[in-house]
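Per this note's numbering, numbering of the sequence shown is gapless, rising by one per residue and ending at 1146.
Just so you know, even glycine gets a beta-carbon here, dropped at the ideal spot from N, CA and C.
Just so we're clear, the structure is a prediction, and the values are computed from it rather than from any experiment.
Comments concern the structure below.
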Amino acid sequence: MIIAPSLLAANYAHLGRDVRRADRSGADWLHLDIMDGHFVPNISFGPAVIRAVRPLTKLFFDVHLMCSCPEILLEPFAVAGADEIIVHVELGDRVAPLIWKIKSLNKKVGLAINPPTAIAEVQPYLDQIDLLLVMTVNPGFGGQEFIHESLPKVQQADAWRRERKLSYRISVDGGVNFQTAAECARAGADTFVSGTTLFHARSLKTAVKKMRKIVNAHDPALADLKL
Ligand code: DX5
Ligand code: ZN
């Protein structure tokens, strides 16, 4: 199980401090949300920020491109220190060349799918990716409510993974709290992106530990426990 705090929920006046907090929290990855103000109605940060925080941690950088034109961004993010680059399946026939380009940059490949998009859209790419990111909110903002209708997509992705003997990770992103993380784990998710719940907790370290315990147990009842 991978726990990936999302830097979108960090304090931008203290980004370096928050990256170091994530580094010491026991988290496995750091999730970095890139928004271009076009694919989604919000803007976050770019390669310069990733380059600036890269020396602060050895955490795996999981870079989620919510961008209309990732073609021009793959290389800058690869050079800046991304370990994995995630593009959206909604880009249609541009997805195959994008996957190829990410691989040629020697980075792990992720494919994301938005809540309104049918899960069948990702099927042709499943044997080419390292991670499938099931969006559990409409992307663009942190702190939104988890969309439960996304859970059957996680189950389907897990079923395909078993049937086809593939090994891509199944990640969930958006509204992932202690309760919904357990539901996602039950549905087959193994990678948990969480911004608000983890970064806004009094102790990031305790929150990561609690989320790990809950997803390992697949038990939403543990969400109410103080750990
Ligand atoms: C949403 C982003 C998420 C976001 C999740 O557009 O892709 O990664 O950081 O934030 P929370 O956990 O607050 O919903
Ligand atoms: Zn994200």
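Own chain partners of I1032 with C-beta closer than 8 Å, once the 5 adjacent residues on each side are dropped: H1007, V1008, E1009, I1038, E1040, V1041, L1051, L1052, V1053, M1054, K1072
Assuming A1076 contacts G1107 under a Cβ cut-off of 8 Å, what Cβ separation, rounded to an integer in Å, is found between them? 7 Å
Could you tell me which residues DSSP puts in a beta bridge with E1003? The beta-bridge partner set that DSSP reports for E1003 consists of D981, K1027.
Kindly examine ligand 1 and report whether one of its heavy atoms sits closer than 7 Å to the Cβ of L978. no
Which one or two residues does DSSP pair with P924 in a beta bridge? S1113
Cβ atoms of L934 and D981: under 8 Å apart, would you say? no
Can you tell which of A941, F996, Y1044 has the C-alpha that lies nearest to the C-alpha of I1018? Y1044
Taking 7 Å as the cut-off, does the CB of Q1063 come closer than this to any heavy atom belonging to ligand 1? yes
Output needed for A923: all residues of its chain with C-beta closer than 7 Å, excluding positions within five of it in sequence on either side, in chain order. A946, D947, W948, L949, H950, D981, T1110, F1111, V1112
Contacting residues, own chain, Cβ-Cβ under 6 Å from N1057 (five flanking each side not counted): Around N1057, the same chain offers P1034 as residues with beta carbons nearer than 6 Å, after the five sequence neighbours per side are excluded.
Examine ligand 2 and report whether any of its heavy atoms sits within less than 7 Å of the Cβ of D947. Because no heavy atom of ligand 2 lies under 7 Å away, the Cβ of D947 does not count as near it: no.
For S925, verify whether its CB is less than 7 Å away from any heavy atom of ligand 2. yes
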